[in-house]
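Enquirer: In my numbering, the protein residues as written are 231 to 562.
Each residue gets a CB set at the ideal place from its N, CA and C atoms; glycine is no exception.
A quick note: this is a predicted structure, and the numbers were derived from the prediction, not measured.
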Ligand code: AHM
Ligand code: MG
């Protein structure tokens, strides 16, 4: 049930405004930017709900910068975000996992300019089979002293101002943090509004569940193989397993129920498959704010990795604090 304050439901817009009161550095313009993201995700949710009824299944026919087949819905989601953010005067630069380069929307003329980066439709290979997909976003300040979009966006995750995701699942939920806890909103299709349904979420400290594409086991480094062997050994961890193949869905389950998600280096992706800027940084910010841990290349904290390029990838180990500590006894 939605959480009520003074007998009233709390919408996402109201929540952001209340958060801003606690952050003198966050100006009113920030909620205007966030409303661009919520509008786009409501549009995407509407398309996802009608998949199969309208022509959004299947490949669009091209290959993106990541070398993956572009789905029709990837394009729709990417365009929706670019259009809604394009109208927000305080969004200086946008960068999408689907596009080759970041795009400058406005030149920086104040210290109230932001960079928005997003994975418009995460897990899009699941769309044709009615499995959950998501949108991941992160927001940085647009530093006036740096010239050039590529240089401006190459910031470590610790600089994130806000981050989150929308999961188009059995219901549509939006989870976000701006460094003051993690909050969840559920889209009420009748009102067309995101209503607060979980406040100050905390990830359980440990759970006996791992999430990994285990079909690649023999292509993982031996340390990961040993950890996974221990995890399922009834004399070891005695874990169960869940894997959706949409990062947002796999992560959301861990946020709510605890456990660990791993995307190790593989023979095909020796540096990891998941994208540092569009996927790992935003989820790491959410995980840490909920009391969890996120480690990337070299076992380092994801949010301290220095990006060399906007499409950098990293291995990822993310989840409950004690699960990650346990895993690092094998991986460290
Ligand atoms: P996408 O952003 O192109 O959809 O790719 C990322 C997805 C993640 O959602 C998911 O965790 C991963 O790829 C699954 O990869 P695999 O099929 O190798 O298990
Ligand atoms: Mg993705």
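Around the Cβ of residue 359, are there at least 16 other Cβ atoms within 10 angstroms (buried) or fewer (exposed)?
Expert: So residue 359 ends up on the exposed side.
Enquirer: By Cβ distance, which residues of its chain are closer than 6 Å to residue 379, with the 5 residues on each side in sequence left out?
Expert: For residue 379, where only same-chain residues beyond five positions count, the Cβ hits under 6 Å are 323, 332 and 334.
Enquirer: Following a CB-centred definition, is residue 321 positioned closer than 8 Å to any heavy atom of ligand 1?
Expert: Outside the cutoff, so no.
Enquirer: When you compare each of 458, 533 and 495 to residue 213 by their alpha carbons, which one comes out closest?
Expert: Nothing about residue 213 can be read from this structure; the chain reaches only from 231 to 562.
Enquirer: With respect to 8 Å, is the separation between the Cβ of residue 503 and the closest non-hydrogen atom of ligand 1 below this value?
Expert: Residue 503: yes, Cβ under 8 Å from ligand 1.
Enquirer: Take every Cβ of the segment 431-446, pair it with every Cβ of the segment 455-473, and state whether three or more of those distances are shorter than 8 Å.
Expert: Yes: at least three Cβ pairs fall under 8 Å.
Enquirer: Looking at C-alpha atoms only, which residue of 316, 525, 288 and 532 is the closest neighbour of residue 300?
Expert: Comparing Cα positions, the closest option is 288.
Enquirer: Do the segment 534-541 and the segment 414-431 touch if we need at least three Cβ pairs shorter than 8 Å?
Expert: Counting Cβ pairs under 8 Å, fewer than three are found: no touch.
Enquirer: Could you check whether the Cβ of residue 355 sits closer than 8 Å to any heavy atom belonging to ligand 3?
Expert: Only ligand 1 and ligand 2 can be found as ligands here, which leaves ligand 3 out of the picture.
Enquirer: Within its chain, find whatever has a CB closer than 7 Å to the CB of residue 514; leave out the 5 residues flanking it on each side and keep chain order.
Expert: Within the same chain, residue 514 has close Cβ partners 387, 524, 532, 533 and 548.
Enquirer: Measuring from the CB of residue 219, is there a heavy atom of ligand 1 at a distance below 8 Å?
Expert: Because the chain here runs from 231 to 562, residue 219 falls outside it and cannot be looked at.
Enquirer: For residue 347, count the other beta carbons within 10 Å of its own beta carbon; 16 or more makes it buried, fewer makes it exposed. Which is it?
Expert: The residue is buried, with at least 16 neighbouring Cβ atoms inside 10 Å.
Enquirer: Helix, strand or coil: how does DSSP classify residue 301 here?
Expert: Correct three-state label for residue 301: strand.
Enquirer: If you follow the beta strand (DSSP E) that residue 543 is part of, which residue opens it and which one closes it?
Expert: Segment: none, residue 543 is in no beta strand (DSSP E) and carries neither H nor E.
Enquirer: What are the complete beta strand (DSSP E) segments, minimum 3 residues, inside the segment 365-400?
Expert: Complete beta strand (DSSP E) runs here, min 3: 392-398.
Enquirer: Taking the alpha carbon of residue 364 as the reference point, which residue from 345, 403 and 391 has its own alpha carbon closest?
Expert: Taking only the C-alpha atoms, the option nearest residue 364 is 403.
Enquirer: Check whether the Cβ of residue 556 sits closer than 8 Å to any heavy atom of ligand 1, and report yes or no.
Expert: Result no, Cβ not under 8 Å from ligand 1.
Enquirer: Could you have a look at residue 538 and say whether DSSP puts it in helix, strand or coil?
Expert: The answer is coil: DSSP assigns residue 538 none of H, G, I, E or B.
Enquirer: Starting from the N-terminal side, write out each stretch of the beta strand (DSSP E) that is 3 residues or longer and does not extend beyond the segment 412-475.
Expert: If we require 3 residues or more, the beta strand (DSSP E) runs fully inside the segment 412-475 come out as 412-418, 423-428 and 439-441.
Enquirer: Thinking C-alpha only, which one of 397, 519, 507 and 555 is nearest residue 529?
Expert: It is 555.
Enquirer: Would you mind working out which of 491, 369, 477 and 488 sits nearest residue 355, comparing C-alpha positions?
Expert: Looking at the Cα atoms, 477 is the closest of the given residues.
Enquirer: Between which two residues does the alpha helix (DSSP H) containing residue 324 stretch?
Expert: Here residue 324 belongs to no alpha helix (DSSP H); instead the beta strand (DSSP E) covers 321-326.
Enquirer: Quick one: what does DSSP say residue 529 is sitting in, helix, strand or coil?
Expert: Of the three classes helix, strand and coil, the one that applies to residue 529 here is helix, per DSSP.
Enquirer: Run the proximity test for residue 478: is its beta-carbon closer than 8 Å to any non-hydrogen atom belonging to ligand 1?
Expert: Residue 478: yes, Cβ under 8 Å from ligand 1.
Enquirer: Is residue 475 near ligand 1, judged by its Cβ being under 8 Å from some heavy atom?
Expert: Under cutoff, so the answer is yes.
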